[in-house]
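According to numbering that gives the first Met the number 0, numbering within the sequence shown proceeds without interruption in unit steps and concludes at 372.
Glycine included, each C-beta is placed from N, C-alpha and C at the ideal position.
Quick caveat, the model's predicted, so the values are computed rather than measured.
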Amino acid sequence: MIDKVFIEKQETYEYEELKQKVRHLLDAMQIEQKITRDTKVVIKPNLVMAKKPEDAATTHPFIVKAVCEIIRPLTKKIIIAECPGGPNNKMLIAEVYRATGIKAIADELGIEICLEPVEVEVDLSEHAKNIRLAKVFLEADLIINLPKLKTHGLTLFSGAIKNLYGTVVGIYKTRYHYQYKDKEKFTHFLLDICEHYKPAINIMDGIFGMEGEGPTAGTPRKVGLLLGSTNPYYLDIVSSSVIGIDANRVDLFVYAKKRGIVETIDIKEILKFTNLELSAFYELRVAGYKLPLVREALVKHRLPKWLQAVLKKILEPKPKVLIEKCIGCGRCVTTCPAKTIKLKDKKAVIDYKDCIKCYCCQELCPQKAIILK
């Protein structure tokens, strides 16, 4: 049985209207049957870095607020938690909560935020052992997963599955990018994390998404939707279809099907289990949504492996520093898993010989001074 995906039209972040739509989604996912007064609920938005809500790189704070207000009468324990990219530093994490608007919401409602994620070693699978995850998520009785609809330079699409990478503590994210530098292995690693948590409540912030060089250096694009599902995989497949991405082009979906995690990645089959008719769904799709420069993703699964390997070397994008924008902050130096970036004359310089093309530098550059070329 395919889990349902529920879709609500929502053009703006006007709070009262938005809250009503979030309530519709939570009711459809039978939230009251999943929570008791003693349920430890951890809310996991996408707070990848210190970005303003209008930048569309992070989950909008009003969605977090709506969820908190709706479930607060159901449970006495709610915490908002995230492990942003970079060092596991209380001051840096506090700045992420402040910049993204989450701290203001938490203060208004009296909701706890996790400022110092405690790391715990966990074995996810035979090949993913001693993984450092934040204890706050491991101790949760229920995780409410609130991803942002975005393109992604490495995975092509960033949604509910990818959002759970934010449960990996701080700088270990870059370590695992290097440890699983083969993209197929990294894809399975992300699936392992998602399978470990199995979040039962997932709501996608698709009111404004990010197009182009996501997940942080792209541009906001109005999509006008909130989507929810008890299944993060089907939620992502439907959400990515809204912006014109074929599920067969996304490794996360392809390998989820191969592993038997999902029954199908055929959007027409999945759409039978939404609250919309097929024709109504296609009217919601956004035309001309810009994708990141990941041409490798456009050819995988369609060509012989030997030809894929040849094309990968030719077409796979590389990070490029825009010298005029670089301020020499060193963020790319500290977050590069392969240690291929150095500062020279207060400007970032990339040694491509050992670059693993994980695009962490591009993702976490606060100045958008690194692009994919």
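Could you round the C-beta distance between residue i and residue j to whole angstroms and report it? I think they count as a contact, below 8 angstroms.
i	j	result
VAL121	ILE130	5 angstroms
ASN87	GLY169	3 angstroms
LYS317	LYS341	Wrong, their Cβ atoms sit about 16 angstroms apart, outside the cutoff.
ILE77	PRO83	Not a contact, Cβ separation roughly 20 angstroms.
LYS50	THR215	7 angstroms
VAL222	VAL249	Not really, about 17 angstroms apart at Cβ, beyond 8 angstroms.
MET203	GLY158	6 angstroms
PHE5	GLY205	That belief does not hold up - the Cβ atoms of PHE5 and GLY205 are roughly 12 angstroms apart, past 8 angstroms.
CYS360	ILE370	Actually they do not touch by this definition, with Cβ atoms about 10 angstroms apart.
GLY85	LEU363	7 angstroms
Report the option in the options whose CA atom is closest to the CA atom of residue i.
i	options	result
GLU212	GLU7, LYS149 and GLY109	LYS149
LYS345	LYS352, CYS357 and CYS331	CYS331
VAL135	ILE42, ASP235, ALA216 and ASN201	ILE42
GLU15	VAL40, LYS64 and PRO214	LYS64
VAL21	TYR179, HIS59 and ILE236	HIS59
VAL261	ASN230, ASP250 and ASN247	ASN230
TYR164	LEU25, VAL47, GLN366 and ASP37	VAL47
ILE34	ALA347, THR339 and ALA199	ALA199
LEU190	VAL253, GLN361 and ASN247	VAL253
ILE62	TYR175, GLN9, PHE280 and ASP181	GLN9
LYS324	THR339, CYS335 and VAL348	VAL348
LYS128	ALA103, GLN178 and LEU114	GLN178
LYS18	PRO44, VAL66 and ASN45	VAL66
ALA55	PHE207, TYR232 and ARG284	PHE207
ALA133	ALA103, PHE156 and THR166	THR166
LYS184	VAL95, PHE280, ILE104 and LEU251	LEU251
ASN45	THR339, PRO72 and TYR96	TYR96
THR339	PRO72, THR173 and ILE104	THR173
What number of angstroms, rounded off, separates the C-alpha of residue i from the C-alpha of residue j?
i	j	result
ALA427	ALA98	Beyond the ends of the chain as shown, which are 0 and 372, falls residue 427; an answer cannot be given.
ILE79	LEU306	45 angstroms
LEU224	SER239	12 angstroms
ILE110	ILE244	36 angstroms
THR273	ASP106	36 angstroms
CYS354	ALA337	6 angstroms
LYS286	VAL119	Note on identity: in this sequence residue 286 is Ala, with Lys being the wrong assignment. Rounded to whole angstroms, ALA286 to VAL119 spans 43 angstroms at the Cα level.
SER124	HIS187	10 angstroms
VAL298	ILE70	Its pLDDT being 49, under 50, VAL298 is placed unreliably in this model, and the value from its coordinates should be taken loosely. Near 44 angstroms, if we compare the C-alpha coordinates of ILE70 and VAL298.
ALA296	LYS147	Since pLDDT at ALA296 reaches only 48, below the 50 mark, its modelled position is unreliable, and no value is offered.
GLU138	THR74	15 angstroms
LYS39	ASP350	46 angstroms
HIS126	SER278	43 angstroms
TYR358	ARG36	42 angstroms
LEU290	LEU141	33 angstroms
ILE101	ILE112	9 angstroms
GLU68	ILE30	13 angstroms
LEU25	GLN32	11 angstroms
GLU210	GLU282	19 angstroms
GLU392	TYR12	What the structure shows of the chain is the stretch from 0 to 372, and residue 392 is not part of that stretch, so it cannot be assessed.
LYS271	ILE143	25 angstroms
TYR196	LYS343	42 angstroms
HIS176	THR154	12 angstroms
LYS381	LEU108	An answer regarding residue 381 cannot be provided, because it is not within the stretch 0 to 372 covered by the chain.
ILE326	MET0	52 angstroms
LYS322	THR57	The question names Lys, but residue 322 is Ile in the sequence shown. Those two C-alpha atoms are separated by around 26 angstroms.
MET28	LYS3	9 angstroms
GLU315	LYS182	12 angstroms
PRO365	LYS161	20 angstroms
LYS89	ILE266	42 angstroms
THR334	TYR171	10 angstroms
PRO236	ILE269	Correcting the residue type first, residue 236 is Ile in the shown sequence and not Pro. Answer to the nearest angstrom: the Cα atoms are 8 angstroms apart.
ARG294	CYS193	Legend: pLDDT at ARG294 = 49, less than 50; position of this residue unreliable, value from coordinates given subsequently. In a straight line, the C-alpha of ARG294 is about 26 angstroms away from that of CYS193.
LEU234	ARG220	19 angstroms
LYS319	GLU276	44 angstroms
GLU115	GLU81	10 angstroms
TYR232	LEU145	13 angstroms
PHE376	ARG284	Absent from the model: residue 376. The displayed extent of the chain is 0 to 372, so no value can be given.
LYS352	GLU94	34 angstroms
GLY329	ALA103	29 angstroms
LYS367	TYR288	20 angstroms
Within 9 angstroms (strictly less), CB to CB, does residue i reach chain B?
i	result
ALA103	Any reference to chain B falls outside this structure, which holds one protein chain only.
Taking the DSSP output, what are the residues bridged to residue i?
i	result
ILE369	VAL320
GLY208	ARG220
LYS149	SER157 and MET209
LYS76	LYS39
GLU7	LEU225
PRO44	LEU145
ALA347	LEU342
Is the closest heavy atom of the ligand COA to the C-beta of residue i under 8 angstroms?
i	result
ARG71	Inclusion of the ligand COA in the displayed structure is not the case, the ligand content being empty and no account of it being possible.
Length-filtered (4 minimum) alpha helix (DSSP H) runs lying within the region 168 to 204: 171 to 178 and 182 to 196
Segments of 3+ residues assigned as beta strand (DSSP E) that fall wholly inside the region 89 to 146: 118 to 121, 130 to 133 and 141 to 145
Secondary structure, alpha helix (DSSP H): runs of 4+ residues fully inside the region 238 to 303: 250 to 257, 266 to 269, 277 to 283 and 294 to 298
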